[in-house]
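Enquirer: Residue numbers (mature numbering (1 follows the signal peptide of the UniProt record, and there is no 0)): -30 to -1, 1 to 300.
Using N, Cα and C, we set each Cβ at its ideal position, and we do this for glycine too.
One structure follows; several queries about it will come next.
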């Protein structure tokens, strides 16, 4: 055998070995999953996302990690949904409100006065209809894994608390732009105004907005009490988040990774809900003395016409009707 042949064989052996080592190294590298949330760092939903990021590497033996982008760093929710549907963003903890634009039955969560508090709303996440709602996301190339909750919705006004529809007529109130919430505020006689959450502080400060439909966690975290002073405790709707995963991302995971991912997510979602139950009391206490607080004990009666308008608008959705029946049967 000639020296040239030996040299060629040696070169080939080195190339094969190098390729094998590169393959093994690539197989052992962790895959980073990008996760977007609209909420600020202090919000319970961002804490849930951080908990997933903390626990997933250990649960997957280091094969998966998560990078969390809070406070709308990756864009508004509509933009993040487009990114997930196209496989450009791996996951997000998204409001059920904006998620309902992809899975309309999710609007059932916003049936006014269906739930007394966060605990009651969280219990409904296990109903068959609530799971059917998540399944609807598949039509948008998305996978819905479960729910967690922010606080109940209340009304924050720039000046005095609102005692009923008369105090809200023709007032510009920031809403999350989806049908159920818009229907409720239209029926009250207000001017429902969609503004990005990150722009609400300035909107209240400048007078562009007269008020906002808000949960206490976001109100405290974004310091809206600095620019709006009249809080009405209404508990008129819950405000769930949906854990959403891009289907291309989901399909690329191994069965073992999916199982571990689901387990970590479920634990974090349950943890977040438990945290929120306690946070409701703490947030209200933190606002004492900073804003004028009116607790509306008879909100279901005060807003009866608006409540009926929402129920009527949802009457044609079979999943929502099953959901309401299952909740009211408890």
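Look at the alpha carbon of residue 217 and the alpha carbon of residue 64, and state the distance between them as a whole number of angstroms.
Expert: The residue labelled residue 217 in the question sits at position 247 within the chain shown. The residue labelled residue 64 in the question sits at position 94 within the chain shown. Near 15 angstroms, if we compare the C-alpha coordinates of residue 64 and residue 217.
Enquirer: Under the assumption that residue 143 contacts residue 160 (Cβ atoms under 8 angstroms), give the Cβ distance between them as a whole number of angstroms.
Expert: Position 173 of the chain shown holds residue 143. Position 190 of the chain shown holds residue 160. Indeed, because the Cβ distance is near 5 angstroms, the residues count as touching under 8 angstroms.
Enquirer: Whole angstroms is fine: what's the gap from residue 259's alpha carbon to residue 206's?
Expert: Along the chain shown, read from residue 1 onward, the residue named residue 259 stands at position 289. Along the chain shown, read from residue 1 onward, the residue named residue 206 stands at position 236. Distance between the alpha carbons of residue 259 and residue 206: 23 angstroms.
Enquirer: Please name the residue in 151, 183, 28 and 82 whose C-alpha comes closest to that of residue 226.
Expert: Counting from 1 along the chain shown, the entry for residue 226 is found at position 256. Ranking the options by Cα distance to residue 226, first place goes to 28.
Enquirer: What is the residue span of the beta strand (DSSP E) that residue 261 lies within?
Expert: As a first step, residue 261 is located in the chain shown; it is residue number 291 there, counting from the start. Unbroken run through residue 261: none, as it is neither H nor E.
Enquirer: Going by Cα to Cα distance, which pick from 13, 45 and 61 is closest to residue 2?
Expert: Walking along the chain shown from the start, residue 2 turns up at place 32. When only C-alpha atoms are compared, the closest one is 61.
Enquirer: Where does the unbroken beta strand (DSSP E) through residue 211 begin, and where does it stop?
Expert: Counted from its first residue, the chain shown places residue 211 at position 241. It spans 210 to 216 - the beta strand (DSSP E) in which residue 211 sits, taken as one unbroken run.
Enquirer: From the DSSP output, which residues share a beta bridge with residue 162?
Expert: Against the chain shown, residue 162 aligns to sequence position 192. Note: residue 162 sits in a beta bridge opposite 143.
Enquirer: Less than 6 angstroms between C-beta atoms, sequence neighbours within five positions excluded: which residues of the same chain meet that for residue 12?
Expert: As a first step, residue 12 is located in the chain shown; it is residue number 42 there, counting from the start. 191.
Enquirer: My parser needs the alpha helix (DSSP H) runs of 4 or more residues fully inside the segment 70 to 136; what are they?
Expert: Those alpha helix (DSSP H) runs which fall completely within the segment 70 to 136 and span 4+ residues are 88 to 93 and 98 to 105.
Enquirer: Look up residue 227 in the DSSP assignment and say whether it is helix, strand or coil.
Expert: In the chain shown, counting from the first residue as 1, residue 227 sits at position 257. Helix, per DSSP.
Enquirer: Using 10 angstroms around the beta-carbon of residue 47, count the other beta-carbons present and answer buried if the total reaches 16, otherwise exposed.
Expert: In the chain shown, the residue the question calls residue 47 occupies position 77. By the 10 Å Cβ count, residue 47 comes out buried.
Enquirer: Does the Cβ-Cβ distance between residue 243 and residue 85 come in under 7 angstroms?
Expert: Residue mapping note: residue 243 aligns to position 273 of the chain shown, counting from 1. Residue mapping note: residue 85 aligns to position 115 of the chain shown, counting from 1. No. Outside cutoff.
Enquirer: Going by C-alpha distance, which of 292, 282, 234 and 110 is nearest residue 35?
Expert: The sequence position of residue 35 within the chain shown is 65, counting from 1. Ranking 292, 282, 234 and 110 by Cα distance to residue 35 puts 234 first.
Enquirer: Using a threshold of 7 angstroms, state whether the C-beta atoms of residue 263 and residue 201 are closer than that.
Expert: If you number the chain shown from 1, residue 263 lands on position 293. If you number the chain shown from 1, residue 201 lands on position 231. It is a contact, given that the beta carbons lie within the stated cut-off.
Enquirer: Do you know how far the Cα of residue 33 is from the Cα of residue 182?
Expert: Taking the chain shown and counting its residues from 1, the one referred to as residue 182 is at position 212. Taking the chain shown and counting its residues from 1, the one referred to as residue 33 is at position 63. One C-alpha to the other measures close to 42 angstroms.
Enquirer: Here's the rule I'm using: 16 or more other beta-carbon atoms within 10 Å means buried, otherwise exposed. How should residue -7 be labelled?
Expert: Walking along the chain shown from the start, residue -7 turns up at place 24. For residue -7, the pLDDT reaches just 39, beneath the cut-off of 50, and the residue's location in the model is therefore unreliable, leaving the point undetermined.
Enquirer: Please give the ranges of any beta strand (DSSP E) in the segment 10 to 59, keeping only runs that are unbroken, at least 3 residues long and fully inside the region.
Expert: For the segment 10 to 59, whole beta strand (DSSP E) runs of length 3 or above, ordered along the chain, are 34 to 39.
Enquirer: Quick one: what's residue 269 bridged to in DSSP?
Expert: One-based indexing of the chain shown puts residue 269 at position 299. According to DSSP, which records beta bridges pairwise, residue 269 is partnered with nothing at all.
Enquirer: Please list the terminal residues of the continuous beta strand (DSSP E) segment that includes residue 289.
Expert: For the purposes of this step, residue 289 is taken as residue 319 along the chain shown, with counting starting at 1. No beta strand (DSSP E) holds residue 289; the alpha helix (DSSP H) holding it covers 288 to 299.
Enquirer: Within 10 angstroms of the Cβ of residue 185, are there 16 or more other Cβ atoms? Answer buried if so, exposed if not.
Expert: Here the question's residue 185 lines up with position 215 in the chain shown. The residue in question, residue 185, is buried, as its Cβ has 16 or more Cβ neighbours within 10 Å.
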